[in-house]
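Following UniProt numbering, the residues of the sequence shown are numbered contiguously, the last one being 217. Every residue gets a Cβ at the ideal spot worked out from N, C-alpha and C, and that includes glycine. To keep things clear, I will list the structure first and then write my remarks on it.
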Amino acid sequence: MKTISSKDAIERLKSGLNLSSDNALAELLGISKATLSNWKSRNSIDIPLVFSKCEQISIDWLLTGEGDMLKSKDTNESESSMVSYDPKVGQPYYDVDFLGGFSEVYNSQVSLPERNIIVPGFDRANLWCNVTGHSMEPQINHGDIIALRPCTLDDIQFGEIYAVVLDTIRTIKILRKGSSKDFLRYVPINPNFDEQEFAVSRIINIFEVVGSISKFF
1 MKTISSKDAI ERLKSGLNLS SDNALAELLG ISKATLSNWK SRNSIDIPLV
51 FSKCEQISID WLLTGEGDML KSKDTNESES SMVSYDPKVG QPYYDVDFLG
101 GFSEVYNSQV SLPERNIIVP GFDRANLWCN VTGHSMEPQI NHGDIIALRP
151 CTLDDIQFGE IYAVVLDTIR TIKILRKGSS KDFLRYVPIN PNFDEQEFAV
201 SRIINIFEVV GSISKFF
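If you want it as structure tokens, here you go:
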């Protein structure tokens, strides 16, 4: 699963803006140094806030270090383009929570994504949606968006993270072998949550979680 390092993004931003300290960056963003430290320690960054203060900064550059630091005219135009299912212009983003309403939207023939988003390094993703809850912290945080790729039971690599739609619940967990071949274990990362076991026959849809980032729009 691919993740973005908030610490690297913060250091990149400081360097690009010629700021010598965390204090200087925190002052520019209108936040406390403690908040900035929390972003680093939790690997979560308030990207809407960053871009409200630094509108000229390129998202691609901030998240990956690739390309130009400043947005180009073409970038601005592409960000306002219409929704498309062409992977050349990004993947569709559905403004719904995976744990509450995603399957209804995903399985609907009339539901349209809100927009397309392009994040370098996530080319394998088919779509994006929101995630709530704390069971997968600190790797996936409450309020993040996740990149998903539909897969089958045969595709499962035990020990990796999957988003699963079962008959009565939806969950995002590490999948491991169950007590028999007819069951799977659903293991959280946060030690405050318990693992569960469900029958394979209850699975309706399953998605590989390609990665997650803090929501930036």
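Q.
Quick check on DSSP: helix, strand or coil for residue 170?
A. strand
Q) Taking the alpha-carbon positions, what's the residue 32 to residue 184 distance? A) 44 Å
**Q.** Opening and closing residue of the beta strand (DSSP E) in which residue 66 lies
**A.** Careful: residue 66 lies outside any beta strand (DSSP E) and carries neither H nor E.
(Q) Let's test the definition: count the other Cβ atoms within 10 Å of the Cβ of residue 173 and tell me whether it reaches 16, buried, or not, exposed. (A) buried
Q: Consult DSSP for residue 25 and reduce its assignment to one of helix, strand or coil.
A: helix
**Q.** Contacting residues, own chain, Cβ-Cβ under 8 Å from residue 177 (five flanking each side not counted)
**A.** 158, 184 and 185
Q) Since residue 115 sits in a beta bridge, which residues does DSSP pair it with? A) 93
(Q) Suppose the cutoff is 7 Å on Cβ atoms and the five residues either side in sequence are ignored; what does the same chain contact list for residue 125 look like? (A) 91, 147, 148, 149 and 210
**Q.** Separation of residue 59 from residue 161, as counted between CA atoms
**A.** 26 Å
Q. With respect to the alpha helix (DSSP H) encompassing residue 197, which residues constitute its N-terminal and C-terminal limits?
A. Run containing residue 197: none in the alpha helix (DSSP H); it sits in the beta strand (DSSP E), 196 to 199.
Q. By how many angstroms is the C-alpha of residue 20 removed from the C-alpha of residue 170?
A. 45 Å
Q.
Please state whether the Cβ-Cβ distance between residue 198 and residue 163 is less than 8 Å.
A. no
Q: Could you tell me which residues DSSP pairs with residue 129 in its beta bridges?
A: 94 and 146
(Q) Taking the straight line between their C-alpha atoms, what separation do you get for residue 201 and residue 182? (A) 7 Å
Q. Are the CB atoms of residue 15 and residue 43 nearer to each other than 8 Å?
A. no
Q: Consult DSSP for residue 11 and reduce its assignment to one of helix, strand or coil.
A: helix
Q: Tell whether a beta-carbon distance below 8 Å holds between residue 212 and residue 45.
A: no
Q | Local conformation of residue 16 per DSSP, three classes | A | helix
Q) With burial defined as no fewer than 16 other Cβ atoms inside 10 Å of the residue's Cβ, what is the status of residue 191: buried or exposed? A) exposed
Q) From residue 94 to residue 120, what distance separates their C-alpha atoms? A) 19 Å
Q. Any idea what DSSP makes of residue 135, helix, strand or coil?
A. coil
Q) When the Cα of residue 205 is compared with those of 68, 156, 26 and 180, which residue comes out closest? A) 156
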